[in-house]
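The structure appears right after this line, and notes come after that.
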Amino acid sequence: MAAEGTYPPLFTLKPVDDDIWIVDGPEIDFYRMDFPTRMTVVRLSSGDLWLHSPIAFDADLLAKLQALGAIRHLIAPNWIHYAHIQDWADAVPAAETWVAPGVRERAKDRDVRLRADHLLSNDAPPAWSGDLDQMIVPGSHIHREAVFFHKKSHSLILTDLIENFEPSKLPWHMRLFTKVAGNQDPDGSMPRDMRLVFDKPKLRRAIGRMIAWEPQRILLAHGRWYPENAVAELKRAFRFLDP
């Protein structure tokens with residue numbers, strides 16, 4: 020049975036648009052708080068699959084994915100979202116792993132086995148440059164997040180730059196915490212503690228580039244995602260950057 024704070028059905032491909040799906044996973048314990056998890060799956064024009072922030076490995080889900088195409092790319096978009104990359108890499112040895120700056124160092128510090136084949140950068144590699152735009156949003160030397168835009172579906176794919184926890188799915192202490200942190204629906208945003216590590220002018224330019232992509236929706240790793248009005252949601256969530 021799915022935990023109360025998750026988004027059932029879990030380990031199930033949920034279509035977003037042509038060639039893009041989300042898959043909701045179980046909660047993870049992050050500093051003694053339960054966070055729901057979500058993976059985004061893109062089928063590239065080559066027919067290969069691209070998995071963003073893979074959730075916990077599940078053999079049945081693997082079979083469903085392989086029915087769509089060959090899993091070729093496993094994406095760890097920031098220093099927190101790499102926990103399940105190795106399990107998927109072990110199950111699909113032909114897949115390449117791509118990690119954001121800081122992920123390798125984090126795994127090494129925690130003595131976690133991680134195969135990190137490639138470092139993500141501001142330029143999309145040839146394997147998916149026709150399907151996805153990307154950039155690295157710089158924060159501290161620790162937190163840098165890779166952000167992606169699926170051109171065909173006009174979907175912006177974020178990880179922790181916006182979190183949007185729904186109060187009805189939270190225990191009382193997390194309702195209080197997320198309210199204070201500024202990442203609670205309907206006004207989900209970047210957590211206030213995370214804002215401290217970002218240079219405002221650089222972050223403002225990054226948000227400007229996201230807006231220039233003209234996304235129609237925003238897919239999130241944690242909480243309710245935004246199926247429409249993406250530009251308005253970006254402006255709302257990052258209004259703390261206004262002069």
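Residue numbers for the sequence shown follow the working numbering, so the first one is 20 and each next one is one higher.
Using N, Cα and C, we set each Cβ at its ideal position, and we do this for glycine too.
- Going by beta carbons, Gln-235 and His-173 fall inside the 9 Å limit.
- With distances taken between CA atoms, Ala-89 lies nearest to Val-61 out of Asn-183, Val-61, Leu-260.
- Listed in chain order, the non-local C-beta contacts of Asn-141 below 8 Å within the same chain comprise Gln-153, Met-154, Ile-155, local neighbours out to five positions each way being set aside.
- Leu-93 is positioned such that its CB atom lies no closer than 9 Å to that of Leu-177.
- In the DSSP annotation of this structure, the continuous segment of the alpha helix (DSSP H) that includes Trp-107 starts and ends at 104-110.
- CA-to-CA, the gap between Trp-40 and Met-58 works out to about 8 Å.
- Around the beta carbon of His-100, 16 or more other beta carbons lie within 10 angstroms, which makes this residue buried.
- The straight-line gap separating the alpha-carbon atoms of Asp-212 and Arg-91 is approximately 35 Å.
- Residue pairing by DSSP places Thr-56 opposite Gly-44 in a beta bridge.
- Val-122: member of the alpha helix (DSSP H) spanning 122-128, first to last residue.
- Here Gln-203 is buried. Its C-beta has 16 or more other C-beta atoms within 10 Å.
- For Trp-98, there is no enclosing beta strand (DSSP E), as DSSP gives it neither H nor E.
- The closest CA to that of Met-229, considering only Leu-215, Leu-151, Ala-108, Pro-186, is found on Leu-151.
- DSSP, reduced to helix, strand and coil, places Trp-244 outside both helices and strands of the structure shown, so it counts as coil.
- Here Asp-206 carries a coil assignment [DSSP, helix/strand/coil].
- Assignment of Val-61 by DSSP, reduced to helix, strand and coil, places it in the strand class.
- In the assembly as shown, Gly-66 is an exposed residue. Its beta-carbon has fewer than 16 other beta-carbons within 10 Å.
- For His-71, the uninterrupted beta strand (DSSP E) run begins and ends at 68-71, by DSSP.
- Not a single unbroken stretch of the alpha helix (DSSP H) spanning 4 or more residues falls wholly within the segment 146-182.
- The beta carbon of Lys-127 lies closer than 6 Å to none in the same chain, with the five residues before and after it left out.
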